[in-house]
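Trainee: So that you can map any letter, position 30 of the sequence shown is 42 in the numbering used here, and since no number is skipped, the others follow by simple counting. We put the CB at the ideal spot given by N, CA and C, even for glycine.
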Amino acid sequence: MKKNLLGITMLALFCTACEKNDNPVKIAQDMLAVKYLDSLKSTHFDVKISYNADNAITHYSIMDYQQQANYSYIAEYENGKMAKTFLTAGPNDEPYLRMEVGYNSADQINRMKDVGAGLDTLIYSLNGELSQILTYYIDEFGGKTVIRQRDYTWNNGNIVKELGIDIYPNGRDSLITLYTYDDKINPRARIAGLFCLLEYYNPEDISANNILTSEDNSQFIRKTENTYTYDADNYPATAKSITTAIYDPSDPYIDSTNTRFVYR
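#1: Using only the heavy atoms of the ligand ADP, determine whether one of them is closer than 7 Å to the beta carbon of ASP195.
#2: Under the three-state reduction of DSSP, which class applies to ARG200: helix, strand or coil?
#3: Note down, in chain order, each residue of its chain lying with its Cβ closer than 7 Å to the Cβ of TYR265, except the 5 sequence neighbours on either side.
#4: Quick one: grab the DSSP three-state call for LEU142.
#5: Where does GLU106 sit, in a helix, a strand or coil, going by DSSP?
#6: Provide the residue span of the alpha helix (DSSP H) that contains LEU99, from first to last.
#7: From ASN229 to ASN91, what does the alpha carbon distance come to, in whole angstroms?
#8: Report yes or no: do three or more beta-carbon pairs, one from the segment 186 to 206 and one from the segment 214 to 226, lie closer than 8 Å?
#9: Below 8 Å CB to CB, which residues in the same chain sit around LYS53 once its five sequence neighbours on both sides are set aside?
#10: Among ILE74, ASN67, ASP66, ASN221, which residue has its Cα nearest to the Cα of SER51?
#11: What three-state label does DSSP hand LEU210 in the structure shown?
#12: My guess is that LEU49 and PRO199 are in contact by the Cβ rule of under 8 Å, so how many angstroms apart are they, rounded?
#13: Could you give the DSSP three-state label for GLU152: helix, strand or coil?
#14: Would you mind sorting THR147 into buried or exposed? The rule is 16 or more other CB atoms within 10 Å of its CB.
#15: Sorted by chain position, which residues of the same chain lie with C-beta nearer than 8 Å to TYR242's C-beta, five sequence neighbours on each side aside?
#16: Nearest by alpha-carbon distance to PHE63: which of ASP119, LEU138, ILE86, PHE57 is it?
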């Protein structure tokens, strides 16, 4: 199963554009791609993105300088749709299968089956917006138990609220994250299937605009603030992200990341 984004600092502002539309939500016609991202250069990481002849993403390669790790997410297609996702743990490692992807009658991704014991089902509203993700644990007999639930609230094409609920045998924990956005083009949302390819479900991957702030209601009061510069086409050119969290009131955690977007 995919890991939860809740409580995870924005690792990157990964983005590009794609003509095909296998995203969990349909991209509006006035947001069709006009440029593609080649790479990202950041304080903590670099990203390289590769595409097939249809301009659909095939590789999402990350060099993480903090973790000293080099890995790639890989998409495999059947009949023009993302069918399976793979991960390599290093530049010379063989890719291993992570997820098998399923679709509903509207060609929206609605099923992510873990090769282990997990299953994510994606549920949509009548207007095509992702409204809920349910994560199931599948036991050895095929029985399914919901262990995680994510509910999404939308406004003007953006996810503005995420409610995450972790469900345990004797109770549950919940976390609310609120988002605000700019009014510029978000190239992340134009990568068909990116929301489901990477390790975490990131609301920015299917929102129309770029996240300005994200803040959760955890005991640590985690908040990320992003500021951007834009190119002549209103695509992000650079971004500065400052994340704060109060794990220790006497020593607040602060992290700053600068990212440069390189388009081809």
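Mentor: Reading from the atomic positions:
#1: Of ligands this structure carries none, so the ligand ADP is not represented either.
#2: helix
#3: THR256, ALA257, TYR259
#4: strand
#5: coil
#6: Note, LEU99: premise wrong, no alpha helix (DSSP H); beta strand (DSSP E) at 93 to 100.
#7: 43 Å
#8: yes
#9: THR271, ARG272, VAL274
#10: ILE74
#11: coil
#12: 6 Å
#13: coil
#14: buried
#15: LYS196, PRO248, ALA249
#16: Looking at the sequence shown, residue 63 is not Phe but Tyr. When each option's Cα is compared against that of TYR63, the closest is ILE86.
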